Amino acid sequence: MTATPAAQRSDTARALRVRARADLAANVVAPYYGLDAAIAVNPVLPALGDGFAAAVSSAAPALGGRGVLPEHEFRAHLAAGRIGAAELAASIRRHRPGTPGDGLALVARYLAEAPAGPATARADAADAAADAPLDPIDELVAGWCRAALAPEAAAWPVPVDRLGFYGAWRAIARRDPALPRAARARIAELPEKPDLALARALDLLGIADDEQLPALRAHLAALPGWAAFIRWRSMTSGDVEVLDLLAVRLGLVWALDAAPVPAPRPAGPTGGALERALIWQEAFEAAPHAAVLAQLTPGAAPTHPAAVAHLVFCIDPRSEGLRRHLESQGAYTTAGFAGFFGIAAAVEPLAAAEAAPACPVLLTPRYQVAERPEPGAWRAAARLIDQLATRRALRSAVKAPDAVAGAPLGWAEVTGWMLGPSAIARSVLAGRGLPVARPDEAAAPTLFDLDSALTLDDQVDTAEVILRTMGLVENFAPVVVLVGHGTTTTNNAFRTALDCGACGGHRGAPNARIAAALLSAPAVRAGLAERGIRIPDETIVVAGEHDTATDTLTVFDLENLRVDRRLAVEQLVRDAAAAGRRLAAERDAELPGAPRAPRPERAAAVVARRAGDWAQVYPEWGLARNAALIIGPRTLSQSADLGRRVFLHSYEAAHDTEGIALETILTAPLVVAHWINAQYYFSAVDPEVFGAGTKTVHNLVGGAGVVSGPTGDLRLGLPWQSIGTRAGLHHEPVRLLVVVDAPRERIDRIIASAEIVADLVHGDWVTMVRPGDAPQTWERRTREGWQPYALPSTETTTDITRMTEEDAA
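Residues -5 to 803 in this note's numbering are what the sequence shown spells out, letter by letter.
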């Protein structure tokens, strides 16, 4: 029977209402980008505008997680001296202005106000999370998400392409013998469209209009990993929506007579408990922030005013170590810039099936650049393409039986005699003597086709933006190297999380090569000269890549250089190799199982072996322990050892009188740095909810991500091996200190005009400071304006251990 016009209008109105509520409910989770090109993101990003305190009290608990470390852990840090009495007293006074008493008395009263809590809370919570059985509804929904969104991981194909996420589920579930007959009959009664099905399920479950939004949020929070991944898919490919997930879930809830709304999560801290959490967190952050500021030298003169080479690295903290060691090797200067080098493009590597965005996810690629063989190199390129095609075919053939139920068992028997020796060798050698390379590394001379992607005017515009944002507009060195970064690891599902986030989760060499080609083109240089930027004819611009797992620097396209220039670059590469060996020795001191204080040569061999070891779960620490972002000239930090904890972005205030470059930095690299910092922060604060758990029980779900064990929710965040060891956390969960060496009026203007920067600063997601007017002073930007920011003073802590022990007793 055809519906009447009134009924159709009513259905349309209901569909629109439920769609709006589903969209609002989706804000309980941030998008999750999967592992094909892993992008760090603040897991409670939708709460950014509400501020850090609201994230601690409501946004994190809504997903079942913590927003700060438990108090007993803060007290342990106080007893160990990691938090000083002066730091805690200063934090108390900032949050409770006018509180009387000296430092020790103030701390003693504060400790006596509340109990420490159980010292085993973290371990108990982790064990409970690991042992708790999956809710039946969650298990069914997670299983369907895996089959529909990662078809390569499904036992057999499902008709998602033809019927959609919800439609395919309805078609299969109504005939699924694993479901009770009554449940199958109810599913058959649901409307064919997901919006009407969700509206119908809400009505059948008796969820009133004013209760629907919180109910939908609670259902999404039950499986935040899949909800976050679907949210990303809805924003990109658009083949599935959060509405579809909710229609499936609530349809199952009604069909199986489950509870209409999941059990409420434990409430987050409020009132005095929230204040205590914020006091502890700020005190915990004081020491690492002070350690950075104490080493900075505003107004210092350059160490090497006449450099033989100038290298521009990504701002990634891992580059800080190589920069520091390289500068000590000779007359080299370095700078920091977002690793995509201003190339907002989709890049199509040689022999790739399609182009991929190679820029921050905050940007939309403006053009597409393809990698092509150099003239005369077509035969070598053809051989490379054939090799890559053969590898893909073999890989597909080996994995093909995985798509047939039961076939992998027999396939293992058939192929074991062929693949077994290789597996034994890889296990016994553990990376020794094995070539370490990535399949996306081209082995033929290539170039990037700029002229087909950009007009000459666009090329000049892009080059000018790159140089002015870098502050590189004069005094060019004879050799300029743009250094991207990537990582070489083996059998690592989280490999792309170690690549360049500014390059969309890809390695940075293509962007560096594109930018170097742009700045080397004679026509582009002529156009730049007309705009006041004159690159000397004798200056060459080349591209390089820092491998953060092996601490090696590769420079590309040397075959096109003059002999004298090639010799200069080869000397640079030798010095970079020496710097890399020293950096490897520094890193070995922190890597689990690595020798302590090894010779640089041995250290380099150790990190190379770990990169090639397919059983190594700690190939590198990534961006663990990141704590600060410095925006200013290299002279501000050139004499500092920042311990690979700091993002370094070059900025010359004198060359940016209108503030355009600073606005670009604060609205893009700062945001990306915050996302990285927040991902590490929440993964460390609550590894079970916001982290990905241990790698040892991970199962890959196509390119979507990993699950712990055979089924369950998609794991968000970072694995335990990225943040901790058996001894505990390696990463310190601290918010980002942002040092901006610029006039306060310029910073204020950007905060007033850019909402996302205001949210970060006013919401206490970051601590933004600038050099004060007097030497060695700092001032902090707060919601009320600029305030003096004093480093913690030295204050006796001899009685702190005794006080905390007595309080615990």
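For every residue, glycine included, the Cβ atom is placed at its ideal position computed from N, Cα and C. As the structure is a prediction and not an experimental result, all values here were calculated from the model.
Kindly identify the DSSP beta-bridge partner or partners of residue i.
i	result
residue 158	For residue 158, which the question treats as bridged, DSSP gives no partner whatsoever.
residue 479	540
residue 773	764, 782
residue 441	366
residue 329	306
residue 584	None; residue 584 has no bridge partner.
residue 342	364
residue 693	701
residue 494	500
residue 351	340
residue 534	473
On a Cα-Cα basis, can you pick out the residue from the options that is closest to residue i?
i	options	result
residue 26	135, 570, 39	39
residue 740	710, 656, 720	656
residue 529	50, 141, 517, 753	517
residue 444	338, 491, 382	338
residue 140	709, 695, 777, 711	695
residue 644	733, 287, 33, 447	733
residue 458	492, 447, 439, 515	515
residue 450	494, 521, 468	521
What's the C-alpha gap between residue i and residue j?
i	j	result
residue 432	residue 195	With a pLDDT of only 47 at residue 432, under the threshold of 50, the placement of this residue in the model should not be trusted; the figure read from the coordinates follows. Roughly 49 Å between the two C-alpha positions.
residue 322	residue 576	11 Å
residue 53	residue 59	9 Å
residue 160	residue 152	11 Å
residue 479	residue 506	9 Å
residue 502	residue 441	15 Å
residue 546	residue 585	17 Å
residue 328	residue 705	47 Å
residue 16	residue 330	42 Å
residue 118	residue 680	Residue placement at residue 118 is poorly supported in this model, since its pLDDT is 45, which falls under 50; the coordinates still yield a value, given next. Approximately 12 Å between the Cα atoms of the pair.
residue 319	residue 307	13 Å
residue 305	residue 725	29 Å
residue 49	residue 570	43 Å
residue 353	residue 497	4 Å
residue 594	residue 721	26 Å
residue 293	residue 770	10 Å
residue 513	residue 91	54 Å
residue 631	residue 620	16 Å
residue 114	residue 70	Caution applies to residue 114, whose pLDDT of 48 falls short of 50 and renders its modelled position unreliable; the value that the coordinates give is listed next. If you take the alpha carbons of residue 114 and residue 70, they lie about 12 Å apart.
residue 809	residue 460	Lying outside -5 to 803, the shown extent of the chain, residue 809 is not represented and no answer is given.
residue 121	residue 783	In this prediction, residue 121 has a pLDDT of 45, which is less than 50 and means its spatial position is unreliable; what the coordinates show is noted afterwards. For residue 121 and residue 783, the distance between alpha carbons rounds to 41 Å.
residue 455	residue 463	12 Å
Helix, strand or coil, according to DSSP, for residue i in the structure here?
i	result
residue 220	helix
residue 731	strand
residue 363	strand
residue 718	strand
residue 651	coil
residue 548	strand
residue 712	coil
residue 723	strand
residue 529	coil
residue 28	coil
residue 640	strand
residue 623	strand
residue 166	helix
residue 603	helix
residue 661	helix
residue 591	coil
residue 289	coil
residue 467	coil
Give me the Cβ distance between residue i and residue j, rounded to the nearest whole Å; I'm assuming they're in contact under 8 Å.
i	j	result
residue 702	residue 692	6 Å
residue 250	residue 177	5 Å
residue 823	residue 534	Because the chain here runs from -5 to 803, residue 823 falls outside it and cannot be looked at.
residue 42	residue 759	7 Å
residue 51	residue 273	Between residue 273 and residue 51 the Cβ distance is about 14 Å, and since that is not below 8 Å, they are no contact.
residue 269	residue 89	6 Å
residue 836	residue 617	Residue 836 is absent from the model: the chain starts at -5 and stops at 803.
residue 23	residue 218	5 Å
residue 667	residue 641	5 Å
residue 673	residue 36	7 Å
Is any non-hydrogen atom of the ligand SAH found closer than 7 Å to the C-beta of residue i, if you look at the structure I gave you?
i	result
residue 220	Questions concerning the ligand SAH fall outside what the structure shown contains, since it holds no ligand whatsoever.
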